[in-house]
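Here our numbering is used: the first residue of the sequence shown is 1, the next is one more, and so on. Quick reminder that beta carbons are idealized off the backbone N, C-alpha and C, glycines included.
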Amino acid sequence: MRLRSILTLAFFAIALPAAYTQLNIETGFDWLAVRDPGLDQAIALHNDQQNYTRDFADLDHLFGFRLGTRYYFKGPVYAGLAWTVHLQSNKATNPEGKGNLTRRIYLQSHTWQTMLGASGRRVGIGTALSYDLVSTRHKWENESRSVRLDREGGLHQEAWLEWLLPGTSNVQLSLQPYARYQYGNRTTVRLQQWLNDEATDASGLQAWSYGIRIVLVNGPKP
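Right under this line is the structure:
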């Protein structure tokens with residue numbers, strides 16, 4: 001009986017909003033530019049000390065995948081939910097005097113968003129309140145082992161413009177340049193200290209960052 005009640009409630013939770021909205025699914029790719037001066041400096045100092053054959057590069061450009069839903073309320077206004085994962089990794093090889101060795105560092109971000117926007121046939125705008133979880137990790141590839149370092153989360157606000165390219169009545173490609181403002185601080189101090197014992201810059205990622213998304217919006221449009 002309890003299972004039947006749960007299934008009935010779940011059905012109405014989905015069916016009732018769908019009767020008054022137009023559901024769209026969006027999937028695509030995301031590029032995000034972030035700045036962390038403390039981490040950039042720690043990487044540069046580490047490279048100088050180790051004298052790698054191939055140095056670590058900065059972790060300033062994150063690439064990601066996005067999955068979301070939009071509910072159009074019988075017009076151009078929509079609300080929605082979205083999840084985006086960003087990742088960047090760089091490797092360094094063969095530090096002086098240590099033979100054949102490959103090290104890799106990672107910067108990763110998971111973002112969950114509640115969206116509100118307005119979109120016509122060709123252009124749109126939107127904003128989202130988001131929670132993002134930023135983490136860093138180091139891996140010794142030759143030994144197939146890794147260690148997680150930083151792991152911090154917080155809120156940020158995001159705003160974007162949207163250009164919908166010509167498509168079918170149900171499927172359109174959307175370009176979304178966006179800006180985000182981060183509330184609070186996501187630091188990479190533990191990764192900095194792994195790179196260089198003297199690195200203690202806790203300023204973290206800069207508050208403003210920018211990016212662009214390319215997503216496929218699939219569903220009936222108002």
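Where does Gly211 sit, in a helix, a strand or coil, going by DSSP?
The answer is strand: DSSP assigns Gly211 an E or B state.
Is Glu158 closer than 9 Å to Tyr131 when the C-beta atoms are compared?
No, these two residues do not count as a Cβ contact at 9 Å.
Should the segment 178-188 be regarded as contacting the segment 137-146, the criterion being three or more beta carbon pairs within less than 8 Å?
No: the two stretches stay apart, fewer than three of their Cβ pairs being nearer than 8 Å.
Would you mind giving the Cβ-Cβ distance between Leu116 and Gly64, rounded to the nearest angstrom? I have them listed as a contact below 8 Å.
Not confirmed; about 21 Å, so no contact.
Please name the residue or residues paired with Pro177 in a DSSP beta bridge.
Its beta-bridge partners are Ile212.
Helix, strand or coil for Gln206? Go by DSSP, reduced to three states.
In this structure, Gln206 counts as coil in the three-state DSSP scheme.
So Gly184 packs on Gly154, CB below 8 Å; how close in whole Å?
With 8 Å as the limit, Gly184 and Gly154 qualify as a contact, their Cβ atoms being about 4 Å apart.
If you count every other CB in all the chains shown that lies within 10 Å of the CB of Gly211, and 16 or more means buried, which is it?
Buried, by the Cβ-count rule.
Which same chain residues end up closer than 8 Å to Pro76 when comparing Cβ atoms and leaving out the 5 residues on each side of it in sequence?
Closer than 8 Å at Cβ, skipping near neighbours: Ala118, Ser119, Gly120, Gly124, Pro222.
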